[in-house]
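Residue numbers (the working numbering): 58 to 266.
The structure is reproduced here in structure tokens:
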């Protein structure tokens, strides 16, 4: 249950997380902050892997599915002088929190971490399965490699990604494919282009299709 005290705790914790710069590849400080937080709010185990991902587990009293709630800790750099508010202030204005990473995605990560802790507290851990919270590094530049390492470690049955979606549930992921296409030509002197083969023209035919 989200009481007034719990809501205030979530907001304060998020503000503190926003105040910690965590550009891609520079997540050490936010990891240390989260480790201390997760241990304080009752997680059974907190693990930091060789990439720097932080993974915490809350175990129920009965066996069941593993649920992984996942969010990245890093943000892209910011030109602070162009911000009207402090980019790392976590200030509240007109009911909104301002700061780098608020929605993408420290807000979700902190909310999920505390929600799982409150659930465990309210149920006295009388639930089936295990709840995992993972803070991922290098989301902006590591192409999912760090997240894949978390999946290997947890082996989850269910994964919830906390990316902002205006509270619309998104099921599945369309995936990604990189296709490399080459066309080959034949060199010729510019005075006699008809004796050669222009690879650009061949590529244009492919693009048109």
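Using N, Cα and C, we set each Cβ at its ideal position, and we do this for glycine too.
Does the Cβ of residue 195 lie closer than 8 Å to at least one heavy atom of the ligand NAD? The ligand NAD is not part of this structure, which contains no ligands at all.
Is the beta carbon of residue 254 less than 9 Å from the beta carbon of residue 248? Stepping through the chain shown from its first residue, residue 254 is reached at position 197. Stepping through the chain shown from its first residue, residue 248 is reached at position 191. No, the Cβ-Cβ distance between residue 254 and residue 248 is not below 9 Å.
Name the residue from 60, 109, 97 and 252 whose alpha carbon lies nearest to the alpha carbon of residue 194. For the purposes of this step, residue 194 is taken as the residue at position 137 of the chain shown. The shortest Cα separation from residue 194 among 60, 109, 97 and 252 belongs to 109.
Cα-Cα, which of 66, 164, 99 and 95 is closest to residue 220? In the chain shown, the residue the question calls residue 220 occupies position 163. Residue 220 has its Cα closest to that of 164, out of 66, 164, 99 and 95.
Between the alpha carbons of residue 218 and residue 128, how many angstroms are there, rounded? Counted from its first residue, the chain shown places residue 218 at position 161. Counted from its first residue, the chain shown places residue 128 at position 71. Approximately 6 Å between the Cα atoms of the pair.
Quick one: complete beta strand (DSSP E) runs, 3+ long, within the region 103–127? 111–116
Give the straight-line distance between the Cα atoms of residue 185 and residue 170, rounded to the nearest whole angstrom. Here residue 185 refers to the residue found at position 128 when the chain shown is read from its first residue. Here residue 170 refers to the residue found at position 113 when the chain shown is read from its first residue. Distance between the alpha carbons of residue 185 and residue 170 is about 18 Å.
Less than 7 Å between C-beta atoms, sequence neighbours within five positions excluded: which residues of the same chain meet that for residue 252? The count along the chain shown starts at 1 and reaches residue 252 at position 195. Excluding sequence neighbours, residue 252 sits near 245.
Looking only at its own chain, which residues have a Cβ that is under 6 Å from the Cβ of residue 196, when we skip the five neighbours before and after it? As a working mapping, residue 196 is identified with position 139 in the chain shown. Taken in chain order, the residues that qualify are 129 and 131.
Can you tell me the Cα-Cα spacing of residue 203 and residue 172, whole angstroms? The residue you call residue 203 lines up with position 146 of the chain shown. The residue you call residue 172 lines up with position 115 of the chain shown. Each residue's Cα considered, the two are about 24 Å apart.
According to the neighbour-count rule (16 or more other Cβ atoms, all chains shown, within 10 Å of its Cβ), is residue 166 buried or exposed? Within the chain shown, the letter at position 109 stands for residue 166. Burial call: buried.
Could you tell me which residues DSSP puts in a beta bridge with residue 148? The residue given as residue 148 occupies position 91 in the chain shown. BP columns for residue 148 point to 155.
Residue 157, buried or exposed, once every other Cβ within 10 Å from all chains shown has been counted against 16: Residue numbering aside, residue 157 sits at position 100 when the chain shown is read from its first letter. Residue 157 should be labelled buried.
Please work out which residues of its chain come closer than 8 Å, Cβ to Cβ, to residue 90, disregarding the five sequence neighbours upstream and downstream, and give them in chain order. Position 33 of the chain shown, counted from the start, is the residue given in the question as residue 90. Around residue 90: 73, 74 and 77.
Helix, strand or coil: which one does DSSP assign to residue 22? Nothing can be reported for residue 22, as the shown portion of the chain is limited to 58 through 266.
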